[in-house]
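Below: one structure, written as structure tokens.
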């Protein structure tokens, strides 16, 4: 069994021990002002609501466990002691949540409380009955980490469940103790990982306050630049937190403004796939849980941007990253590095320049539009588009594979909802299309000799994958089509905010004449091109220009 000695506070050697200058402290104050104006800190009123939500949910899960303890025939004394822990993790546990943030929380129950029947069955039923407090209840038992999504008094809450090998869960149960993992299956261990990882991150950073400010900044930047989404193959909150924590270890005395600029400098030069780690990888022969280790596991060496969680069993929290999303992440980190250099040079560029939204609909002239449509209202749309979103990165990979890299994809992680028509609702996702940089620099061929890509088989394969959804039913539909920038739907145009919309509108008339715009063609007849939707693939999937 691995040594039980605590990990060192510092992993490897720091790059610099230099502390902040007065100018760095002034820059930090300016940065914090921008973060507050952007809503990255919640108000006292929001804090009170969040605390009340957690308190009331704790009461519900306590009653739930007592009910199950009584149902299993345990004595009254044990019923009185029965409880469950409700432990927030993610941004809330790290202390970087802002206004409107959701709450990720782990429910820890005793050994006899089952996830499938008791958590997704009995507890979900009890929450569904609390109609005054609970809305948008959506159990997702088939997720990599099974989760129950809901809104509790307007606050989005994601609940995961773990059962420990104890008949009664003590209030002071220490999840950092590796012994709590004994006898647990892999899914339960993953469910516990959120709390354990957050606690380890905070323990391993030299200055928690500086870490929190820098992480708030990086989160705001990543969301503005469209690279904050684990499900889309970009990086999620845990990955960004570990990357910031690593930079904090490398510059242990730096102020937040220094950490932010060093963050972009270090990561713009990082030699991927060298993993980012906060501590050594540990194995435990007694517990035997699977551990990410590129030295031992050939499959782990295929990961493109490994960011390794610090708590046993360590995992790669960026396994969804593809060649397409890695390319975009690296481009955006380099752009962030340039922006920080310009901010440091002075002039009129303040911290707000770092957080300029990525102009997705100005950058590309050609798109794949993926429409998820339902016939049963907004709750059904939320469920269906969540599944479609989880599969979109497969479409990106298939397009780049089938065009041999001659067509590059840039997925926008945001969904755009159309105005509902009765119970019929639709939501659209967009993938920007472009040519590789070296091809853009070559002379453009004549208009009639543009490269053409027939992606009907690619779309068909993607749809076959999406329609494997275990809860599919009539009324859940999917359409894939190619659109040019000038043909974006009105509900997308209306939701594009800021000054960029004016330039976007000015460019709409120029799209067709641009030689750099990729063409997606179909060999189907002209009459079939009038139907640009792709539905359940009992019929041939088609993808063609609109």
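Numbering (my numbering), first residue to last: 888 to 1433.
From the three backbone atoms N, C-alpha and C, an ideal C-beta is built for every residue, glycine too.
These figures come from a predicted structure and were not determined experimentally.
Suppose contacts are defined by Cβ-Cβ distances below 8 angstroms. Is residue 838 in contact with residue 1379 by that definition? Because the chain in this structure spans residues 888 to 1433, residue 838 falls outside the shown range and cannot be described.
Report buried or exposed for residue 1248, applying the criterion of at least 16 other Cβ atoms within 10 angstroms of its Cβ. Counting from 1 along the chain shown, the entry for residue 1248 is found at position 361. By the 16-neighbour rule on beta-carbons within 10 angstroms, residue 1248 is buried.
At a cut-off of 7 angstroms, is residue 1118 close to the ligand FMN when judged by its beta-carbon and the heavy atoms of the ligand? No copy of the ligand FMN appears in this structure; indeed no ligand is present at all.
Please classify residue 1405 as buried or exposed, where buried requires at least 16 neighbouring CB atoms within 10 angstroms. In the chain shown, counting from the first residue as 1, residue 1405 sits at position 518. Confidence at residue 1405 is low in this model, with a pLDDT of 39, below 50, so the placement of that residue should be treated as unreliable; the coordinate-derived value is given next. Label assigned to residue 1405: buried.
Taking all protein chains shown into account, decide if residue 1350 is buried (16 or more other Cβ within 10 angstroms of its Cβ) or exposed. Counted from its first residue, the chain shown places residue 1350 at position 463. It counts as buried.
Under a three-way DSSP split, which group does residue 1079 fall into? As a working mapping, residue 1079 is identified with position 192 in the chain shown. Reduced to three states, the DSSP call for residue 1079 is helix.
On the DSSP bridge list, what partners appear for residue 1022? Translated into positions along the chain shown, residue 1022 becomes position 135. Assignment of beta-bridge partners to residue 1022 by DSSP yields 1038.
Note down, one range per segment and in chain order, each alpha helix (DSSP H) of at least 4 residues found wholly within the stretch 1095–1129. Qualifying alpha helix (DSSP H) stretches, in chain order: 1095–1111.
Inspect the beta-carbon positions of residue 1265 and residue 1307 and report whether they are closer than 8 angstroms. By 1-based counting over the chain shown, the position of residue 1265 is 378. By 1-based counting over the chain shown, the position of residue 1307 is 420. For residue 1265 and residue 1307, yes; Cβs fall inside 8 angstroms.
Are there 16 or more other CB atoms within 10 angstroms of the CB of residue 934, so buried, or fewer, so exposed? Translated into the one-based positions of the chain shown, residue 934 becomes position 47. With fewer than 16 Cβ atoms within 10 Å of its Cβ, residue 934 is classed as exposed.
Looking at the secondary structure, which residues open and close the beta strand (DSSP E) in which residue 1253 lies? For the purposes of this step, residue 1253 is taken as the residue at position 366 of the chain shown. Note, residue 1253: beta strand (DSSP E), 1253–1261.
Is the beta carbon of residue 1191 less than 8 angstroms from the beta carbon of residue 1160? Residue 1191 sits at position 304 when you count from the first residue of the chain shown. Residue 1160 sits at position 273 when you count from the first residue of the chain shown. In this structure, residue 1191 places its C-beta atom within 8 angstroms of the C-beta atom of residue 1160.
Which residues bound the alpha helix (DSSP H) around residue 963? Here residue 963 refers to the residue found at position 76 when the chain shown is read from its first residue. Where residue 963 is concerned, the enclosing alpha helix (DSSP H) starts and stops at 963–968.
Provide the residue span of the beta strand (DSSP E) that contains residue 1318, from first to last. Indexing the chain shown from 1 puts residue 1318 at position 431. Counting along the chain, the beta strand (DSSP E) containing residue 1318 begins and ends at 1312–1321.
Assigned exposure category for residue 1228 - 16 Cβ within 10 Å defines buried: Within the chain shown, numbered from 1, the residue matching residue 1228 stands at position 341. It is exposed - the Cβ of residue 1228 has fewer than 16 other Cβ atoms within 10 Å.
On the three-state DSSP scale, how would you describe residue 1223? On the chain shown, residue 1223 is found 336 positions in, with the first residue counted as 1. Residue 1223: helix per DSSP, three-state reduction.
Please classify residue 1388: does DSSP put it in a helix, a strand, or coil? Reading the chain shown from its first residue, position 501 is the one you call residue 1388. With a pLDDT of only 40 at residue 1388, under 50, the local geometry of the prediction cannot be trusted, and the value read off the model is given with reservation. Residue state, collapsed to three classes: helix.
Measure the CB-CB distance between residue 952 and residue 901 and report whether it falls below 8 angstroms. Within the chain shown, residue 952 is the residue found at index 65, counting from 1. Within the chain shown, residue 901 is the residue found at index 14, counting from 1. With a cutoff of 8 angstroms on beta-carbon distance, residue 952 and residue 901 are scored as not near each other.
According to DSSP, residue 991 sits in a beta bridge with which residue or residues? Here residue 991 corresponds to residue number 104 of the chain shown, with the count starting at 1. As DSSP reads the structure, residue 991 sits in a beta bridge with 976, 1045.
Can you find the residues in the same chain that come closer than 6 angstroms, C-beta to C-beta, to residue 1140, ignoring five residues on each side of it along the sequence? Your numbering for residue 1140 matches position 253 in the chain shown. Cβ within range, chain order: 904, 906.
Per DSSP, what kind of secondary structure is residue 899 in: helix, strand or coil? Your numbering for residue 899 matches position 12 in the chain shown. Of the three classes helix, strand and coil, the one that applies to residue 899 here is coil, per DSSP.
Where residue 1309 falls: helix, strand or coil (DSSP): Taking the first residue of the chain shown as 1, we reach residue 1309 at position 422. Coil at residue 1309, not helix or strand.
Are residue 1258 and residue 1342 close, meaning C-beta to C-beta below 8 angstroms? On the chain shown, position 371 is the one that residue 1258 refers to. On the chain shown, position 455 is the one that residue 1342 refers to. At a Cβ-Cβ threshold of 8 angstroms, residue 1258 and residue 1342 do not count as neighbours.
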